[in-house]
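Here is the structure we will look at, set down as structure tokens.
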Amino acid sequence: MKALSLKLKKPLRYDQQKIVFGLLFLAPWLIGFVGIFLYSMIDSVIYSLSNVYFLGPSSAVEVAQYIETQGIVGSTFYKLGILFEFVGFDNFVYAWNVHSEYRRVLISSMVESLINLPVILIFSLLIATMLNTKFKGNVLARAIFFLPVILASEAVTIALSQAVDLQALMQGDTAGIFGNFELNGLLIESGFPKEIVDFLVSIVNTIFGIISLAGVQILIFLAGLQSIPTHLYEAAKVEGATPYESFWKITIPMVSPHVITVGIFTIVDSFLKSPVTRLIIQTKDNQQYGVSSAMAWIYFLAVMLLLGIFTYLANKGAFYYDDER
Numbered sequence: 000m001k002a003l004s005l006k007l008k009k010p011l012r013y014d015q016q017k018i019v020f021g022l023l024f025l026a027p028w029l030i031g032f033v034g035i036f037l038y039s040m041i042d043s044v045i046y047s048l049s050n051v052y053f054l055g056p057s058s059a060v061e062v063a064q065y066i067e068t069q070g071i072v073g074s075t076f077y078k079l080g081i082l083f084e085f086v087g088f089d090n091f092v093y094a095w096n097v098h099s100e101y102r103r104v105l106i107s108s109m110v111e112s113l114i115n116l117p118v119i120l121i122f123s124l125l126i127a128t129m130l131n132t133k134f135k136g137n138v139l140a141r142a143i144f145f146l147p148v149i150l151a152s153e154a155v156t157i158a159l160s161q162a163v164d165l166q167a168l169m170q171g172d173t174a175g176i177f178g179n180f181e182l183n184g185l186l187i188e189s190g191f192p193k194e195i196v197d198f199l200v201s202i203v204n205t206i207f208g209i210i211s212l213a214g215v216q217i218l219i220f221l222a223g224l225q226s227i228p229t230h231l232y233e234a235a236k237v238e239g240a241t242p243y244e245s246f247w248k249i250t251i252p253m254v255s256p257h258v259i260t261v262g263i264f265t266i267v268d269s270f271l272k273s274p275v276t277r278l279i280i281q282t283k284d285n286q287q288y289g290v291s292s293a294m295a296w297i298y299f300l301a302v303m304l305l306l307g308i309f310t311y312l313a314n315k316g317a318f319y320y321d322d323e324r
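The sequence shown maps to residues 0 to 324 in numbering that gives the first Met the number 0.
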């Protein structure tokens, strides 16, 4: 009996402790997901496969009369004041093939995310490496690079939009950073091809957007850089490695697991601020609840596909310092 008691009190191994603590940290999210979000997801699936009619509290006779007057011929069911007409994947087909904007906006958003992803990853890592060095004003520089994240928050954005119309100050939507200097025309008149000029100017115009999107990513990379054991750099320096070699042989492999975290965050963040989200909300406001739900599910599947491909490729190149594999 005593041996059994000692066996039961045997402490958990380190990997088991990590699993327990991980589950504890995930518990609030899991409770919220199962208790709130999962129910809404199931409802959205039902909406996406149906035409939705809001009738309010109605008797069976009133529902039958409404079905007859509307000429509804498909399978129907009534729930909590809502009449559902099952239409299968018609809403998905409509969203992808018939809707005038959805497919174009979705594809352009995905292409933009694919272009911005490597730019943000490289920019964030380089800035984090710079901020990880010791120099005067280090703390201030970190705050400056994180400031756009605060300014881009929902509350600040609403306040600014109500205070002043910033687009009007830039002489139209297409003015951009070089609008007042008419750099486009100057370069074209100098003999540069229009395609190259448009490409270069668009890159420069997106610099401010990249900086505003990279604040959190810089902090993640900075935390990863600070967790690298200093003895690795000391040993490399003793062996005669240059700072350039140390960066490629030590820094890059050691922060590679953080690339996955930063990449996933960047992809999700870019799609949360995508025009597709606004289009889905606009479709819902037009009382096309089934179509808007189908749009949301197509969008969700596209994001999950992109996340899966990125995670698979990033995991293949990731290096884990304490991994024995």
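Note that CB positions come from ideal geometry on N, CA and C, so glycine has one too. If you're wondering where the values come from, they're calculated on a predicted model, not measured in any experiment.
Practice task
Go ahead and label S291 buried or exposed: buried means 16 or more other beta carbons lie within 10 angstroms of its beta carbon, across all protein chains shown.
Solution key: The count along the sequence shown starts at 1 and reaches residue 291 at position 292. By the 10 Å Cβ count, S291 comes out buried.
Practice task
Kindly indicate the opening and closing residues of the beta strand (DSSP E) around S49.
Solution key: Taking the sequence shown and counting its residues from 1, one reaches residue 49 at position 50. Residues S49 to F53.
Handout entry: Sufficient close CB pairs (3 or more, under 8 Å) joining the segment 252-268 to the segment 206-223
Key = yes
Problem - Burial state of V19, where buried means 16 or more other Cβ atoms lie within 10 Å - result: The count along the sequence shown starts at 1 and reaches residue 19 at position 20. Its Cβ having fewer than 16 others within 10 Å, V19 is exposed.
Handout entry: Residue span of the beta strand (DSSP E) that contains L82, given as start and end
Key = The residue given as residue 82 occupies position 83 in the sequence shown. From DSSP, the beta strand (DSSP E) with L82 extends over I81 to F85.
Problem - For G214, the nearest candidate out of I106, V200 and A142 (CA to CA) - result: In the sequence shown, the residue the question calls residue 214 occupies position 215. For G214, the closest of I106, V200 and A142 by C-alpha to C-alpha distance is A142.
Exercise for the section: Just the C-alpha distance for I121 and G21, rounded to the nearest angstrom, thanks. Expected result: Here residue 121 corresponds to residue number 122 of the sequence shown, with the count starting at 1. Here residue 21 corresponds to residue number 22 of the sequence shown, with the count starting at 1. Looking at the two C-alpha atoms, the distance is approximately 29 Å.
Exercise for the section: Give a single yes or no on whether I259 has its beta carbon closer than 7 Å to a heavy atom of the ligand NAP. Expected result: Absence of the ligand NAP is noted for the structure shown, with no ligands found whatsoever.
Handout entry: Cβ distance (whole Å) where S108 is taken to contact V275 below 8 Å
Key = Taking the first residue of the sequence shown as 1, we reach residue 108 at position 109. Taking the first residue of the sequence shown as 1, we reach residue 275 at position 276. Indeed they touch by this definition, with Cβ atoms about 5 Å apart.
Practice task
Check each candidate in N90, R12 and K272 and name the one with the smallest Cα separation from S49.
Solution key: For the purposes of this step, residue 49 is taken as residue 50 along the sequence shown, with counting starting at 1. When each option's Cα is compared against that of S49, the closest is N90.
Problem - 8 Å Cβ cutoff met for S43 and A235 - result: Position 44 of the sequence shown holds residue 43. Position 236 of the sequence shown holds residue 235. No, the pair does not count as a contact, with Cβ atoms beyond the cut-off.
Problem - Host alpha helix (DSSP H) of K78 (start-end) - result: Residue mapping note: residue 78 aligns to position 79 of the sequence shown, counting from 1. Careful: K78 lies outside any alpha helix (DSSP H), inside the beta strand (DSSP E) at T75 to K78.
Problem - Reduced DSSP category for N314 - H, G, I as helix; E, B as strand; rest coil - result: The count along the sequence shown starts at 1 and reaches residue 314 at position 315. Here N314 carries a helix assignment [DSSP, helix/strand/coil].
Problem - C-beta contact flag for L278 and E100 at 8 Å - result: Position 279 of the sequence shown, counted from the start, is the residue given in the question as residue 278. Position 101 of the sequence shown, counted from the start, is the residue given in the question as residue 100. Yes, Cβ-Cβ distance for L278 and E100 is below 8 Å.
Practice task
Measuring alpha carbon to alpha carbon, tell me which of A293, T229, N131 and L124 ends up nearest I209.
Solution key: Residue numbering aside, residue 209 sits at position 210 when the sequence shown is read from its first letter. Cα-wise, what sits closest to I209 is L124.
Problem - Reduced DSSP secondary structure (H/G/I, E/B, other) of H98 - result: Here residue 98 refers to the residue found at position 99 when the sequence shown is read from its first residue. Here H98 sits in coil by DSSP.
Practice task
Could you check the C-alpha separation between V118 and I297 for me, to the nearest Å?
Solution key: Indexing the sequence shown from 1 puts residue 118 at position 119. Indexing the sequence shown from 1 puts residue 297 at position 298. So the alpha carbons of these two residues sit roughly 26 Å apart.
Exercise for the section: Evaluate N115 with the Cβ neighbour count: other Cβ atoms within 10 Å of its Cβ, from every protein chain shown; 16 or more gives buried, anything less gives exposed. Expected result: Locating residue 115 in the sequence shown gives position 116, counting from the first residue. Buried: at least 16 other Cβ atoms inside 10 Å.
Problem - Counted within 10 angstroms of its Cβ, other Cβ atoms place Q286 as buried (16 or more) or exposed - result: What you label residue 286 is simply residue 287 of the sequence shown in a count that begins at 1. Q286 is exposed by the Cβ-count criterion.
Problem - CA nearest to the CA of G55, picked from E194, F32 and F83 - result: Counted from its first residue, the sequence shown places residue 55 at position 56. For G55, the nearest C-alpha among the options comes from F83.
Practice task
With DSSP collapsed to three states, give me the class of L11.
Solution key: Translated into positions along the sequence shown, residue 11 becomes position 12. It is coil, neither helix nor strand.
Exercise for the section: Could you say which of I71, F76, P10 and I45 lies nearest to S57 if we only look at CA atoms? Expected result: As a first step, residue 57 is located in the sequence shown; it is residue number 58 there, counting from the start. Nearest of I71, F76, P10 and I45 to S57, Cα basis: F76.
Practice task
Could you work out which residue in A59, I219, F53 and I71 is closest to N131 when comparing CA atoms only?
Solution key: Position 132 of the sequence shown, counting from 1, holds the residue named residue 131. Here the closest residue by C-alpha is I219.
Practice task
Using the Cα positions of G307 and W95, report the straight-line distance between them to the nearest angstrom.
Solution key: The count along the sequence shown starts at 1 and reaches residue 307 at position 308. The count along the sequence shown starts at 1 and reaches residue 95 at position 96. Answer to the nearest angstrom: the Cα atoms are 22 Å apart.
Handout entry: Cβ separation of F53 and I71, assumed to be a contact under 8 Å, to the nearest whole Å
Key = The residue labelled residue 53 in the question sits at position 54 within the sequence shown. The residue labelled residue 71 in the question sits at position 72 within the sequence shown. With a Cβ gap of about 14 Å, F53 and I71 do not count as contacting.
Exercise for the section: Give me the Cβ distance between V97 and Y288, rounded to the nearest whole Å; I'm assuming they're in contact under 8 Å. Expected result: For the purposes of this step, residue 97 is taken as residue 98 along the sequence shown, with counting starting at 1. For the purposes of this step, residue 288 is taken as residue 289 along the sequence shown, with counting starting at 1. The pair is not a contact, with the Cβ atoms about 16 Å apart (cut-off 8 Å).
Problem - Assigned secondary structure, P274 (DSSP; H/G/I helix, E/B strand, else coil) - result: If you number the sequence shown from 1, residue 274 lands on position 275. Looking at P274 - three-state DSSP - the assignment turns out to be helix.
Handout entry: Backbone CA spacing between L25 and G31 [nearest angstrom]
Key = The residue you call residue 25 lines up with position 26 of the sequence shown. The residue you call residue 31 lines up with position 32 of the sequence shown. Roughly 10 Å separates the two Cα atoms.
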